[in-house]
Structure formats: structure tokens, C-alpha cells
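For the sequence shown, numbering that gives the first Met the number 0 assigns the number 0 to the initial residue and increments by one for each residue that follows.
Virtual Cβ for every residue (Gly too), placed ideally from N, Cα, C.
Computed from a predicted structure; not experimentally measured.
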Amino acid sequence: MTRLTPSPQDSESARSWQHGALVGAAAGLGAASAAFAVSGGAAALVARHVVTPSSRPGNVTVLKLEKDPHSGLDLVTLPATSDTRVAGTYALRFDDGAGLVRIGFIVRQTGGTVTRVVERVYRGELSVGARGWWTGTVYARPSDAGLAYGKVEITTPLGPAPAWLVPGDGDTARAHHTGTWAVMVHGRGAQRPECIRGARVAHQLGLHSLILSYRNDQEAPTTEDNKYGLGFTEWEDVQAGIEYALEHGASDVVLFGWSMGGAIVLRTTELTRHRDRVRALVLTGPVVDWYELLAHQTRVHRIPRRVGRLAADMISHRLGPRVTGLAAPVDLHALDWLSRWQDITTPTLILHSTDDEVVPVAGSVKLADLSPHVDFVGFSGARHTKEWNIDRKRYERAMGDWLAAVLRDGA
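Written out as C-alpha cells, the structure reads:
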């Protein structure tokens, strides 16, 4: 497996986040006090943003629609951005998420625009002036990827949550499916369709896939505070999914997670009463340390480092809920797998792009270096959780080959 080495500066910077102080703990007088107050206000905004579900703003506008006179292909011209200029297959969500079109290869780039092929319109009617957001989730439902599926409900601690069941043998009429199941968990701000790329691989291996929703993701029940637990609380819903799988014939499970879904999966593996049934973990662009992520984000956005330190403390401190709106503090140390790497004993594969602008790849690399149970496959140019989009064959092959070997060795 490919392994990369994080810079010492990145590791030291991330660790420094664990030594911050809560707002007011060290406030002085005069200019120092004012500066601290400004930092505290900014930190409060960061802390609230991290734990608060929010819809994605429209950041891409359709500039032109045309049909290529030679190929007959439908084309769309968009503003050239760091996302729309990247090769691969993506999607555009528009009309407040009601519309979805799959966007293919680049035909031309001119000045500040890029023209790409419109591969398929799943729903809605794309028009000039339509505004939406760019996403790596290109399938609306499993059938769009050629997978038969059924709709099921998972009984979570908060109530019923919708899920998709993709049988490995394509038989959706059967009530029980024996063998290994893949239980899949999407990331922050995403929904179940994000996991379909993983279900393709699981299906090729003959595994049954259970694609979950979880609390506060716009599909599953909400908590009273309607805040993300960053993996600290959502794991209970994944455990409910594991129990559904076991009750319907599963002998054991493989857990898949994307982005924050990776943090949820790692927490689930540690706490679930069915830990002995978890065969392997497959994580894409996972959050393995929230301190590391916040440090990365402050560097990217040129925010003073002390703001991130304070934000992390607000989320974890017993007084933090007054600022964040959380019902209870989230113990970020419990979600810090870089310091707790010895607690990972389940075979784990991490796939992560070196230019991830949201979740720093350095954490994944370091975890793989520290733990003999973690393997790492690096990508480049994919940005956040778009490894499948930029190189679908390599992504699916790396995931499939690794998982097949783990399941075979453990049989």
C-alpha cells in the first residue's frame, strides 16, 4: 500500500490544539483582553458551524447549455473553479437540491469558464441561470448504478431511520440474506447516495449492503439540540444498523465510512456490543482527529491558530453547550485516533487524496504509519472524498482487492 509521510510542522500544529483555553479563562486587560474577546467570538462561530447541520449554498451557476453539433452530446458551461476544473465524473445539484444532473468529461476551458458533458439528468430541468452546488455524489439511488435495492427502516434509539438494502445476489424479495454485510455511513452534510460508490464494490464481492441514514442528516430523526455529535453520538444509529443486519441473516459486517462517517465508524467499532462481528473498516477521507481537522482549516482559511484552539475547547468543555448549542459536550479526545491508535485492532483501509481541502490527509498517513492494522492508499487531485470521481477504476480496485484479501484471510 502507498504510504506518505506528514510534515513535522503539520503534526506539531495539530497537537497544539489540545492545549487551548475556554473563552474567558485567561482574559486580561486592555488590548490583550480585546484581542482575546475577538478571538473568542470567532471561535464561537467556528464551534457552532462544526456541530450544526446546514444546507449547502449554491456556488455554481449554469452559464450556457448547448448540444455539440458533431457528437450530439449535451454540454453545460460553468464558471471555472477549483472543483469544476478537475477531471472525472461529478454531479450538479440545483433547485435547492431538488434537481440532479451527472456531469462528465471536460470539452473545453476558456478564460474563466469550463464546458463539460451532461451525462444524465436524474431529476429536474437544467436551465441557464440555474444555481446549485458541485458534488461527487453522482447517483441518486442504487438503481442508477445498476444495483437492485429495497427500502427498509432501521429502529434507532431516536426512532425509525430510512435505509437502502442492496442484496449481493440481486434478490430483493428475500427477507434474510446470509453472509457478510457491508454497513455504510455517509459524511457530514451528505446523505445516503454518497455511499453508492462503495455498494458497487461490495456487490462485486457478493456482499449485501445496508446504506444508512443517521440522526440530524435530514432523513433520520433529529435530536433535541439538532446538532452533530461528530461521531460521539451517531454511532448508536450505526449499531442499530448492525443489529438489523444480524437479525436478517448477516454473519458479520464490514463498516464503510466517508469523511465524518469515518469518525462515526471508528467510534462504533470501539463501543458496539457487536464488536466481535466487525470484520473490517473501509474509510474514505475520514476524520481521524478533530483537532487535526480544525488546525488544518485555520491554516487553509488563514485564521489565527488560537481561534481553532478555543473552538475545540468550546466543543469539549462542560460549559461549551452554552455557546455551541449542543445538549452535552463532545469529547474530542475520545475521537482522536492519532493519540489512541493502539485501540484500533480491526483491519482498516483508508483511501485519501493528498490535496483534501477539508480533512487533512496527514492524519490518515500518520495513523497508517502508527498502526499495523491500518493500510493507506493515496490519491492526488481528488480533493475531499472525490477519489472515486477522479479515478473510479483505481478506487474500486484498491478497495475491492484489499477487502477480498481481508475477508479471505479471516475466513
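Following the continuous alpha helix (DSSP H) through residue i, name the residue where it begins and the one where it ends.
i	result
T267	M259 to L270
E118	Careful: E118 lies outside any alpha helix (DSSP H), inside the beta strand (DSSP E) at T112 to R122.
W289	W289 to V299
E242	W234 to E246
P320	P320 to T323
S208	No alpha helix (DSSP H) contains S208, which is instead part of the beta strand (DSSP E) from H207 to L211.
S81	No alpha helix (DSSP H) contains S81, which DSSP labels as neither H nor E.
A198	I195 to Q203
For residue i, collect the residues of the same chain with a Cβ closer than 6 Å to its Cβ; drop the 5 residues on either side in sequence, then sort them by chain order.
i	result
R393	none
V137	T88, A90 and R101
G284	S258, H351, D355, V358, H383 and T384
E395	V200
E118	R101 and G103
D251	T179, R276 and R278
L72	V116
A144	Y138, I195 and R199
With a CB to CB cut of under 8 Å and the five nearest residues on each side skipped, what residues in its chain are close to residue i?
i	result
S488	Past the edges of the chain, shown from 0 to 410, lies residue 488, and the structure says nothing about it.
E223	A326
D94	G123, A129 and G131
A139	L99, Y121, R122 and P192
P220	T155, L157, G158, P159, A160 and R214
On a CA-only basis, which of the options is nearest residue i? Give me that one, please.
i	options	result
V85	V306, T60, P285 and T114	T114
L64	F93, N58 and L125	L125
G324	E242, K226 and D312	K226
P52	A144, G186, A279 and W180	G186
V165	L406, H175, V287 and P159	H175
T80	H372, G96, G71 and N58	N58
W132	I343, T60 and S370	T60
M313	P303, I302 and P328	P328
R107	L74, D94 and D168	L74
D168	E269, L206 and G409	L206
S408	F231, H48, A181 and P346	The sequence as given places Asp at residue 408; Ser does not occur at that position. Nearest option by C-alpha distance: P346.
A42	M183, A294 and G362	A294
R92	L282, T112, V364 and Q190	Q190
H48	L209, E291 and G307	G307
D67	F231, I105, A46 and P78	I105
A381	V45, A46 and D82	D82
G273	Y243, T221 and W289	It is His, not Gly, that sits at residue 273 in the sequence shown. The residue with the shortest Cα to Cα distance from H273 is Y243.
Report the three-state DSSP secondary structure of residue i (helix, strand or coil).
i	result
K392	helix
D368	helix
Q108	strand
G380	coil
H175	coil
A397	helix
H316	coil
L334	helix
P141	helix
S53	coil
G228	coil
L44	helix
D408	helix
R308	helix
V360	helix
G27	Summary for G27: the model assigns pLDDT 35, below 50, so the residue's position carries little reliability; its value from the coordinates is reported in the next sentence. If DSSP states are grouped into helix, strand and coil, G27 belongs with coil.
G39	helix
D73	strand
L99	strand
A403	helix
D342	helix
Going by other Cβ atoms of all chains shown within 10 Å of its Cβ, with 16 needed for buried, is residue i buried or exposed?
i	result
D390	buried
T171	exposed
A162	buried
H300	exposed
A97	exposed
Q238	buried
V373	buried
D342	exposed
V182	buried
R173	exposed
L146	buried
E152	exposed
Output needed for residue i: all residues of its chain with C-beta closer than 7 Å, excluding positions within five of it in sequence on either side, in chain order.
i	result
E233	Y213, R214 and I263
Output the boundary residues of the beta strand (DSSP E) element that contains residue i.
i	result
V127	V127 -> no beta strand (DSSP E), and no H or E assigned at all.
G158	G158 to V165
V277	V277 to T283
H351	T347 to S352
R92	Y89 to F93
E152	G149 to T155
L64	K63 to K66
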